[in-house]
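Residue numbers (mature numbering (1 follows the signal peptide of the UniProt record, and there is no 0)): -20 to -1, 1 to 77. So the structure is just underneath, and the comments pick up after that.
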Amino acid sequence: MIMKALSLALLMGCAALAQADTLRCGSQLVSLGDRSFEVEQKCGEPAFRDLVGYTLGPYERREFKIEEWVYGPSNGVLSILTFEGNRLTRIERRRQR
């Protein structure tokens, strides 16, 4: 019984937060690897833009800026895009509560 409850809780947590490789903005698609200016051209200005911090590149001794852009809500869902060094590295969707 405890395992069933734990499994159900885990599934519900996964449903609240989902990741994707693409995001539709009107008739345009943005994908992982797109540049920030390309995303802004296709999706417009985000509702929020936050500087998260900096990270070091894997093979270089350079710092890359990490930003999160938030679009929406659209049908109660926020789209959160993460950029590292002006490249889209993560797209997540989160249902608003």
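Built from N, CA and C at the ideal position, the CB exists for glycine as well. Just so we're clear, the structure is a prediction, and the values are computed from it rather than from any experiment.
- Beta-bridge analysis with DSSP links V10 to L3.
- Close CB contacts of N66 within its chain, under the 7 angstroms cut and outside five residues either way in sequence, are with R15, S16 (chain order).
- About 13 angstroms separates the CB atoms of L68 and K45; that is not less than 8 angstroms, and the two are not in contact.
- If you compare the alpha carbons of L12, S7, Q8 with that of E72, the shortest gap goes to L12.
- V19 counts as buried, since no fewer than 16 other beta carbons sit within 10 angstroms of its beta carbon.
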